[in-house]
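Here is the structure we will look at.
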Amino acid sequence: MTDFAIYCVTMIAIWSVLGISLHLQFGLTGLVNFGQVLPFAIGAYGAGFAAVHGAPGWSGWVIGGVMAPLLGLVVILPASRLTQDYWALVTLGAGELFRLAMLNIPGIAGGVEGVSVARINASGTAMLAALALLVATVLFARRIGHSPLGRMLRVLREDEVLAATLGRDPVRFQRVVTAISWAMAGLAGTLYAHVIGYISPSAFTVAETFLIWIAVVLGGPASILGVVLGTTIIQLTALSTRFVAQWSQLPFEFVANLRLGLFGLVLVLVFLLRPEGLVPERRERVDAASR
Amino acid sequence: MTQILADSLIYAAEIGIIAMGVALCFAILRFANFAHVQFAVVGAYLTYSANRFLGLPLVPATLLSAVATGLLAVGIDRAVFARLRRITPEGKMIVSWGVALILRAAIACCFGGASRVFPVEPAALNALGAYFTSQDVAVVAATLAAILALHLLLHRTRAGTALRALASNAELAETRGIPAERMIALMWLISAGFAAIGGTLFALETRLQPNMDLIILLPTFSAVTIGGLDRVFGAAIGALVLSLAQNLLIGVDLGGLLGLGSWSVPTRFRDFIAVGAMVLILLLRRRTPGALAAR
Numbered sequence: 001m002t003d004f005a006i007y008c009v010t011m012i013a014i015w016s017v018l019g020i021s022l023h024l025q026f027g028l029t030g031l032v033n034f035g036q037v038l039p040f041a042i043g044a045y046g047a048g049f050a051a052v053h054g055a056p057g058w059s060g061w062v063i064g065g066v067m068a069p070l071l072g073l074v075v076i077l078p079a080s081r082l083t084q085d086y087w088a089l090v091t092l093g094a095g096e097l098f099r100l101a102m103l104n105i106p107g108i109a110g111g112v113e114g115v116s117v118a119r120i121n122a123s124g125t126a127m128l129a130a131l132a133l134l135v136a137t138v139l140f141a142r143r144i145g146h147s148p149l150g151r152m153l154r155v156l157r158e159d160e161v162l163a164a165t166l167g168r169d170p171v172r173f174q175r176v177v178t179a180i181s182w183a184m185a186g187l188a189g190t191l192y193a194h195v196i197g198y199i200s201p202s203a204f205t206v207a208e209t210f211l212i213w214i215a216v217v218l219g220g221p222a223s224i225l226g227v228v229l230g231t232t233i234i235q236l237t238a239l240s241t242r243f244v245a246q247w248s249q250l251p252f253e254f255v256a257n258l259r260l261g262l263f264g265l266v267l268v269l270v271f272l273l274r275p276e277g278l279v280p281e282r283r284e285r286v287d288a289a290s291r
Numbered sequence: 001m002t003q004i005l006a007d008s009l010i011y012a013a014e015i016g017i018i019a020m021g022v023a024l025c026f027a028i029l030r031f032a033n034f035a036h037v038q039f040a041v042v043g044a045y046l047t048y049s050a051n052r053f054l055g056l057p058l059v060p061a062t063l064l065s066a067v068a069t070g071l072l073a074v075g076i077d078r079a080v081f082a083r084l085r086r087i088t089p090e091g092k093m094i095v096s097w098g099v100a101l102i103l104r105a106a107i108a109c110c111f112g113g114a115s116r117v118f119p120v121e122p123a124a125l126n127a128l129g130a131y132f133t134s135q136d137v138a139v140v141a142a143t144l145a146a147i148l149a150l151h152l153l154l155h156r157t158r159a160g161t162a163l164r165a166l167a168s169n170a171e172l173a174e175t176r177g178i179p180a181e182r183m184i185a186l187m188w189l190i191s192a193g194f195a196a197i198g199g200t201l202f203a204l205e206t207r208l209q210p211n212m213d214l215i216i217l218l219p220t221f222s223a224v225t226i227g228g229l230d231r232v233f234g235a236a237i238g239a240l241v242l243s244l245a246q247n248l249l250i251g252v253d254l255g256g257l258l259g260l261g262s263w264s265v266p267t268r269f270r271d272f273i274a275v276g277a278m279v280l281i282l283l284l285r286r287r288t289p290g291a292l293a294a295r
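Line order of the protein sequences matches chains E and U. Throughout the first sequence, residue numbering follows the working numbering, covering 1 to 291 in sequence. Throughout the second sequence, residue numbering follows the working numbering, covering 1 to 295 in sequence.
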């Protein structure tokens with residue numbers, strides 16, 4: 001039981017990092033990334049690549065932490081020419097391209113069978129590592145949110161043209177946010193690979209992207225506390241499916257499908273009833289003259 | 001070569017009719033509807049149920065399923081999308097994903113995860129060196145008939161004119177007295193009805209399973225993107241272009257053409273080509289209206 005609780009906390013921490021990464025992109029800046037699973041997958045496959053090709057374990061972290069933001073900068077390139085809904089399709093496609101490449105080119109990291117990665121055997125260590133990453137991410141994201149950069153990102157979210165008239169280059173800000181948030185998600189991916197000890201393409205589908213989105217939308221995209229709360233609710237629901245199935249004596253698949261429908265319902269209801277999420281954005285008042 | 005063309009045409013017919021519905025919805029409501037693919041799956045299962053449990057022959061079963069799925073879409077619009085007309089297109093996309101999850105869960109819970117097959121035994125045919133079945137002919141004919149019917153509706157009737165007016169300028173159309181909400185309901189009826197027919201065709205050619213949505217999703221959105229997102233008949237062309245690209249890249253001996261020994265793109269890259277084409281087209285797209293000026 002304690003083992004399960006520790007595992008839950010680990011997973012919640014890792015997925016919260018992914019949520020906060022999306023919070024920076026969508027909640028603060030208004031970037032609609034439908035390929036949020038991509039930096040996560042790159043991080044995990046960094047570990048997988050290192051394991052397959054006999055590279056030392058730390059190189060996986062380097063690949064995850066460097067390749068994810070670099071690829072993010074490539075994916076953000078067309079954002080200046082496309083409206084957000086078109087760009088959402090680009091990111092969705094980019095995530096799928098990566099997954100299909102991993103699936104169909106076994107030489108990179110095992111293809112459809114996946115690859116085993118050095119597993120952190122002590123569950124307590126894994127939890128502490130995940131919590132440490134979460135705390136670092138939260139502090140960093142908070143710092144961004146309260147800085148002049150964060151204020152500018154909010155301006156960008158509300159009105160790109162206004163940001164441009166203030167003499168700021170929206171595209172540059174979008175690039176900075178993408179690099180930072182994709183690095184976070186990449187590191188979360190590498191850690192995830194080492195916690196689970198095994199990765200395969202089926203763990204990085206569009207469905208995972210939307211698991212992150214549902215958590216962020218439910219909790220409140222513009223609030224870090226909200227994102228962590230939303231992730232906790234969604235992950236606990238996901239992780240407890242097995243027990244609900246045992247307890248209710250219904251087939252596991254049936255319960256898993258019900259859960260999927262419940263997630264969909266949550267997404268729709270939040271948009272209809274509480275579009276700002278469980279924890280709304282705090283309005284900040286800054287009086288420039290008194291500073 | 002004619003075999004590749006025939007296969008492309010058949011696959012394009014299955015995807016094209018689904019893609020046209022996505023484009024129709026995008027033209028009127030300006031958002032990419034992820035739930036559309038689920039309408040196809042729901043439609044396929046409804047056809048199967050009408051055929052299997054009500055004992056209807058396939059053609060009336062498909063038509064009944066198209067009407068039922070269309071009404072379902074109108075109902076979903078009333079309950080969800082109609083209340084969210086004013087939010088951003090991205091927001092609607094996210095909501096449509098939620099609707100998709102609900103529909104998928106409902107199908108999987110009602111019918112289970114096992115795959116089913118339509119009890120049809122088509123006759124094998126052979127023309128111009130290509131092999132196909134009588135069912136393939138019916139699939140292509142159904143899609144062509146649907147395209148023709150939609151063309152006549154859009155360009156020969158008052159309702160069609162109203163729909164086109166809404167698509168080109170919704171505010172102007174409304175001030176000129178076009179009943180927007182009624183027309184939107186009509187759009188859902190057509191769009192989801194087409195999806196139901198397309199889903200049925202797809203299930204006839206392959207098999208019926210709850211996760212066929214993931215198999216349909218990528219090629220459909222790829223076809224719509226190639227066609228131009230709000231171009232209804234462009235989506236059908238896009239499906240044909242995509243299908244040809246897939247079958248040519250996979251079926252033609254590219255290595256032989258370049259004198260590098262026999263080599264062609266492996267079959268497993270079929271989805272890769274679809275998604276790659278979608279991303280490529282989006283990247284090559286000129287600036288979309290409302291996007292920031294590039295510096």
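A virtual CB, placed ideally from N, CA and C, is assigned to each residue, including glycine. In this text, all values refer to a predicted model and were calculated from it rather than measured experimentally.
Let's see if you can read the secondary structure: which residues bound the beta strand (DSSP E) around residue i?
{"i": "N126 (chain U)", "result": "A124 to A127"}
{"i": "T133 (chain U)", "result": "A130 to T133"}
Any beta-carbon of chain U closer than 8 Å to the one on residue i?
{"i": "D85 (chain E)", "result": "yes"}
{"i": "A185 (chain E)", "result": "no"}
{"i": "E253 (chain E)", "result": "yes"}
{"i": "L28 (chain E)", "result": "no"}
{"i": "N33 (chain E)", "result": "no"}
{"i": "V37 (chain E)", "result": "no"}
{"i": "V217 (chain E)", "result": "yes"}
{"i": "E113 (chain E)", "result": "no"}
{"i": "A88 (chain E)", "result": "yes"}
Can you tell me where the alpha helix (DSSP H) with residue i in it begins and where it stops?
{"i": "G72 (chain E)", "result": "G57 to I76"}
{"i": "A179 (chain E)", "result": "P170 to I196"}
{"i": "P106 (chain E)", "result": "P106 to A109"}
{"i": "P280 (chain E)", "result": "No alpha helix (DSSP H) contains P280 (chain E), which DSSP labels as neither H nor E."}
{"i": "S16 (chain E)", "result": "T2 to L22"}
{"i": "E174 (chain U)", "result": "A170 to T175"}
{"i": "D271 (chain U)", "result": "R270 to L284"}
{"i": "G227 (chain U)", "result": "M212 to G227"}
{"i": "W247 (chain E)", "result": "T241 to S248"}
{"i": "E160 (chain E)", "result": "E160 to T165"}
{"i": "T125 (chain E)", "result": "S123 to H146"}
{"i": "N257 (chain E)", "result": "F252 to L273"}
{"i": "V206 (chain E)", "result": "V206 to G219"}
{"i": "Q246 (chain U)", "result": "V232 to G251"}
Would you please verify whether the beta carbon of residue i is less than 8 Å from any beta carbon of chain E?
{"i": "G251 (chain U)", "result": "no"}
{"i": "P219 (chain U)", "result": "no"}
{"i": "A146 (chain U)", "result": "no"}
{"i": "M93 (chain U)", "result": "yes"}
{"i": "A294 (chain U)", "result": "The predicted model places A294 (chain U) with a pLDDT of 38, which falls under 50 and marks its position as unreliable; any figure quoted below should be read in that light. So yes, A294 (chain U) belongs to the interface."}
{"i": "V275 (chain U)", "result": "yes"}
{"i": "G98 (chain U)", "result": "yes"}
{"i": "G268 (chain U)", "result": "Gly is not the amino acid found at residue 268 (chain U); the sequence shown has Arg there. Yes - at least one Cβ of chain E is within 8 Å of the one on R268 (chain U)."}
{"i": "V225 (chain U)", "result": "One point to set straight first is that residue 225 (chain U) is Thr, not Val, in the sequence displayed. Chain E contact via Cβ: present."}
{"i": "L282 (chain U)", "result": "yes"}
{"i": "P57 (chain U)", "result": "no"}
Do residue i and residue j have their C-beta atoms closer together than 8 Å?
{"i": "A23 (chain U)", "j": "D213 (chain U)", "result": "no"}
{"i": "A146 (chain U)", "j": "I17 (chain U)", "result": "yes"}
{"i": "I178 (chain U)", "j": "A167 (chain U)", "result": "no"}
{"i": "A44 (chain U)", "j": "F202 (chain U)", "result": "yes"}
{"i": "P89 (chain U)", "j": "F34 (chain U)", "result": "no"}
{"i": "L249 (chain U)", "j": "P219 (chain U)", "result": "no"}
{"i": "M20 (chain U)", "j": "V265 (chain U)", "result": "no"}
{"i": "V117 (chain U)", "j": "R52 (chain U)", "result": "no"}
{"i": "F322 (chain E)", "j": "T91 (chain E)", "result": "An answer regarding residue 322 (chain E) cannot be provided, because it is not within the stretch 1 to 291 covered by chain E."}
{"i": "L150 (chain U)", "j": "I190 (chain U)", "result": "yes"}
{"i": "Q25 (chain E)", "j": "V171 (chain E)", "result": "no"}
Say yes only if the C-beta of residue i is nearer than 7 Å to one or more non-hydrogen atoms of the ligand MN, and no if none qualify.
{"i": "Q36 (chain E)", "result": "This structure lacks the ligand MN; in fact it carries no ligand of any kind."}
Quick one: measure Cβ to Cβ for residue i and residue j, integer angstroms, because I've assumed they're closer than 8 Å.
{"i": "L84 (chain U)", "j": "V95 (chain U)", "result": "6 Å"}
{"i": "I42 (chain E)", "j": "G186 (chain E)", "result": "6 Å"}
{"i": "P201 (chain E)", "j": "M127 (chain E)", "result": "So it is not a contact: roughly 26 Å between Cβ atoms."}
{"i": "A215 (chain E)", "j": "G197 (chain E)", "result": "Wrong, their Cβ atoms sit about 24 Å apart, outside the cutoff."}
{"i": "A207 (chain E)", "j": "A68 (chain E)", "result": "Not quite, the Cβ-Cβ distance comes to about 20 Å (not below 8 Å), so this is no contact."}
{"i": "V275 (chain U)", "j": "L82 (chain E)", "result": "V275 (chain U) to L82 (chain E), Cβ: 17 Å. No contact."}
Quick one: which residues of the stretch 24-39 of chain U get their C-beta closer than 7 Å to a C-beta of chain E? List them in chain order. Of all residues in the stretch 24-39 of chain U, only F31 and A32 come within less than 7 Å of chain E when Cβ atoms are compared, listed by chain position.
Compile a chain-ordered list of the residues in the stretch 65-83 of chain U whose CB is closer than 9 Å to at least one CB of chain E. Residues A79, V80 and R83.
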